[in-house]
Amino acid sequence: MNKEIASVWESMFNLMSGSVAATMKVQQASMQAAARNMELTANTYARLWGLSTDEVMPGDRRFKDEAWSENVAADAMKQAYLISGQWLLDMVDGLEAVNPDLHKQAKFWSQQYIDALSPSNYALTNPVVIQETVRTGGMNLVRGMENFLADAQQGRISQVQKGSFEVGKNLAITPGQVVYRNRLIELIQYSPTSQKVQEIPILMVPPWINKYYVMDMRPENSLYKYLVEAG
Numbered sequence: 386m387n388k389e390i391a392s393v394w395e396s397m398f399n400l401m402s403g404s405v406a407a408t409m410k411v412q413q414a415s416m417q418a419a420a421r422n423m424e425l426t427a428n429t430y431a432r433l434w435g436l437s438t439d440e441v442m443p444g445d446r447r448f449k450d451e452a453w454s455e456n457v458a459a460d461a462m463k464q465a466y467l468i469s470g471q472w473l474l475d476m477v478d479g480l481e482a483v484n485p486d487l488h489k490q491a492k493f494w495s496q497q498y499i500d501a502l503s504p505s506n507y508a509l510t511n512p513v514v515i516q517e518t519v520r521t522g523g524m525n526l527v528r529g530m531e532n533f534l535a536d537a538q539q540g541r542i543s544q545v546q547k548g549s550f551e552v553g554k555n556l557a558i559t560p561g562q563v564v565y566r567n568r569l570i571e572l573i574q575y576s577p578t579s580q581k582v583q584e585i586p587i588l589m590v591p592p593w594i595n596k597y598y599v600m601d602m603r604p605e606n607s608l609y610k611y612l613v614e615a616g
C-alpha cells in the first residue's frame, strides 16, 4: 500500500513539474496557503490579547466541539492542519487537466493521508480527549485500552457491545424467509402484509459492506417494511 502511494505521488510530481499549467497551480496553491498561514498567525496573536477573530479555515464535524475553538492553541493547530490539507489538495488539482486518471488516484491518497494526520485522531492533540481525561481521572483511557484489547482478542473491531442487537427487535425486523442460498448469496423473500401485491417484485441488492440488515433495523426507518406494506 505504501509503495502504491509513493508511486502515485512520484508520478504526480514528475508530471506536474513538466506542465506549465500544473506548475502555476502549485504556485497559486502555495501562495494562498502562505497567505492563510500569515492571517492565522495574526489572528492567534490577536486572540492572545483578548480580541475576537474569524476563522481562516472553518472546521468540519471533527472539530465541532467548543473545546477546539475556545482553546487558542487547539484552534491554531486545527486551522494550521486544515490549511495544510487544503494546500495539498489544491496542488493535486493541478493534475486534473493534465492526467485525469492520475488526478483521481492522487486526490484519493492525498485525502487519506490528510485524514490520518488529523489532530482529532490523537489523544495528546485532541482537547476533547484531554478534557475527558482530566474529568475522569484517566479512566476514559483505561476503558479505551480495555476495548482495544477486547477487539484484539476477538480479531475484529466492534463499535457496540456484544448482544446489543436482537433479531426481530432492532435487527432484521421484517418477517421473511430464505428461498435460495449458494456460496455467495442468500435470497430473502419477505412475507406480504397487504391484501394485494405487485405482480413483479422488487429485487434489492444491498451494499456488500453493510449486508442486508442496514435497511431493516427499526420499524420507523426500515426500507423493507415500507416496501412490503406498499405491496
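For reference, each letter of the sequence shown is one residue, going 386 to 616 in the working numbering. Every residue, glycine too, gets a C-beta built ideally from N, C-alpha and C.
Distances from the CA of R541 to each of G548, S549 and N532 were compared; the closest alpha carbon is that of N532.
Secondary structure note for I585: it is in no beta strand (DSSP E), with a DSSP letter that is neither H nor E. In this chain, the alpha helix (DSSP H) harbouring R520 covers P512 to T521. For I558, no alpha helix (DSSP H) run applies, since DSSP gives it neither H nor E.
Short of 6 Å from the beta carbon of H488, and not among the five residues preceding or following it, lie these beta carbons of its own chain, in chain order: L480 and E481.
Leaving aside the five residues that flank L572 on each side, the residues in its chain whose CB is nearer than 8 Å to its CB run, in chain order, V563, V564, Y565 and R566. Assignment of V457 by DSSP, reduced to helix, strand and coil, places it in the helix class. Around the beta carbon of I587, fewer than 16 other beta carbons sit within 10 angstroms, so the residue counts as exposed. For L572, the enclosing beta strand (DSSP E) covers residues E571 to Y575. Listed in chain order, the non-local C-beta contacts of R421 below 7 Å within the same chain comprise V441, M442 and I468, local neighbours out to five positions each way being set aside. For V564, DSSP assigns no beta-bridge partner whatsoever.
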